[in-house]
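Structure representation (structure tokens):
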């Protein structure tokens, strides 16, 4: 009896040790950023607890009582996330400026795999993810006994991965390489995960949607400093269509910056339709679903090998004229979307396509006065 009791206690200890070993902890000092990652495919973050304050774990400490909900909102359901250990992130901290605070997060990487009911030959299975998440297929089989489709997983991934909903029909027209003969009745089994986007963000200029590889955060209108001025901002911004207007002074002020809608300027000799001339441009903020980095690739509408094309377009900027406010270069979508009720006045920012100029620019490959393409790439 004593031996059995000891054995039970040992089993319980091992179970507790296993459970504890699966819980991970990240602690960073104030001013640093916590990186929380689940590296195994099909696993997502589940935050157990989060504390931002002085001496985490001490009952007599100062802290932000909302730290748990803040970190869970940023990380739960994602494959990776970053959290800044700062008062700007944790605005309800009861600590003073002299307190040296720390952020401590305990989390698990949980299997988020869901299995859909097995469907018979000829039936169609529909998969849907909600709440801004997207489909990630973890397994799929189309088989009957010992005969099967060897590429079932890649076929279903091609039909469903990165989408919010998809439908797969269990038939030989979908799984053309099935080794089963006509007398067999194959069945389709699918397992999947609904994942939230966890990659970097980028602005898609001249569009109100994002590609399948990214999720839309918001769509808006393109804004910038007045084309005839030399002050205010030196960049273009993607302004939301429904801003929360602050302040109480709605009169014209001279000691203030200003931002205007942005008009696209085209001509009959360029690659874009002249019907787009002087129309106001839209924009979208997109978050890649699983990429680790994004960049603009100027001079090419395709990405380097190993990178995913987010969108392609034309290099654009303010006009190359003295006295204009330089706002940097950007990649304008190849099929720009404009606003229907575009403004006809001059209180606007303006955007022009960029041409290559021979001279210091080596024209063995570039062509003088030709508009340059561009691509937004991710990996």
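In mature numbering (1 follows the signal peptide of the UniProt record, and there is no 0), the protein residues as written are -23 to -1, 1 to 356.
By construction, the Cβ of each residue, glycine as well, lies at the ideal position given by its N, Cα and C atoms.
State buried or exposed for residue i, treating a residue as buried only when at least 16 other CB atoms are found within 10 Å of its CB.
i: residue 158; result: exposed
i: residue 232; result: exposed
i: residue 95; result: exposed
i: residue 338; result: exposed
i: residue 92; result: exposed
i: residue 269; result: exposed
i: residue 124; result: exposed
i: residue 153; result: exposed
i: residue 322; result: exposed
i: residue 52; result: buried
i: residue 107; result: exposed
i: residue 283; result: exposed
i: residue 44; result: buried
i: residue 70; result: buried
i: residue 12; result: exposed
i: residue 196; result: buried
i: residue 260; result: buried
i: residue 341; result: exposed
i: residue 297; result: exposed
i: residue 326; result: buried
i: residue 248; result: exposed
i: residue 313; result: buried
i: residue 73; result: exposed
Could you please give the first and the last residue of the uninterrupted beta strand (DSSP E) stretch that includes residue i?
i: residue 192; result: 191 to 201
i: residue 134; result: No beta strand (DSSP E) contains residue 134, which is instead part of the alpha helix (DSSP H) from 129 to 137.
i: residue 123; result: No beta strand (DSSP E) contains residue 123, which DSSP labels as neither H nor E.
i: residue 28; result: 20 to 30
i: residue 144; result: 142 to 146
i: residue 168; result: 164 to 172
i: residue 68; result: Element bounds for residue 68: n/a, residue is neither H nor E.
i: residue 1; result: -1 to 6
i: residue 350; result: 350 to 355
i: residue 181; result: 178 to 182
i: residue 57; result: 57 to 61
i: residue 11; result: 10 to 14
Just to confirm before moving on: does the CB-CB distance between residue i and residue j stay below 7 Å?
i: residue 267; j: residue 176; result: yes
i: residue 116; j: residue 168; result: yes
i: residue 310; j: residue 184; result: yes
i: residue 293; j: residue 328; result: yes
i: residue 99; j: residue 41; result: no
i: residue 289; j: residue 191; result: no
i: residue 262; j: residue 194; result: yes
i: residue 86; j: residue 20; result: yes
i: residue 77; j: residue 4; result: no
i: residue 170; j: residue 89; result: yes
i: residue 291; j: residue 241; result: no
i: residue 126; j: residue 155; result: yes
i: residue 335; j: residue 280; result: no
i: residue 253; j: residue 239; result: no
i: residue 55; j: residue 22; result: yes
What is the residue span of the alpha helix (DSSP H) that residue i lies within?
i: residue 52; result: 44 to 52
Measure from the C-beta of residue i to each C-beta in chain B and report whether the shortest distance is under 7 Å.
i: residue 100; result: The chain inventory of the structure shown lacks chain B, comprising one protein chain alone.
* Asked: Looking at C-beta atoms only, is the number of pairs between the segment 131 to 146 and the segment 106 to 113 that lie closer than 8 Å three or more?
  -> yes
* Give a yes or no on contact between the segment 194 to 201 and the segment 210 to 225, applying the rule of three or more CB pairs nearer than 8 Å. => yes
* Those runs of the beta strand (DSSP E) which lie wholly inside the segment 200 to 277 and span at least 3 residues -> Entirely contained in the segment 200 to 277, the beta strand (DSSP E) runs reaching 3 residues are, in chain order, 214 to 217, 237 to 242, 259 to 265 and 271 to 275.
* Going along the chain, which unbroken runs of the alpha helix (DSSP H) with 4 or more residues stay wholly within the segment 276 to 347? -> Within the segment 276 to 347, there are no complete alpha helix (DSSP H) runs of at least 4 residues.
* Give, in chain order, every unbroken run of the beta strand (DSSP E) that is at least 3 residues long and sits entirely within the segment 70 to 110. => Here the runs fully enclosed are 79 to 88, 90 to 92 and 101 to 105.
* Check whether the segment 16 to 34 touches the segment 56 to 67, counting contact only when three or more Cβ pairs, one atom from each stretch, lie closer than 8 Å. => yes
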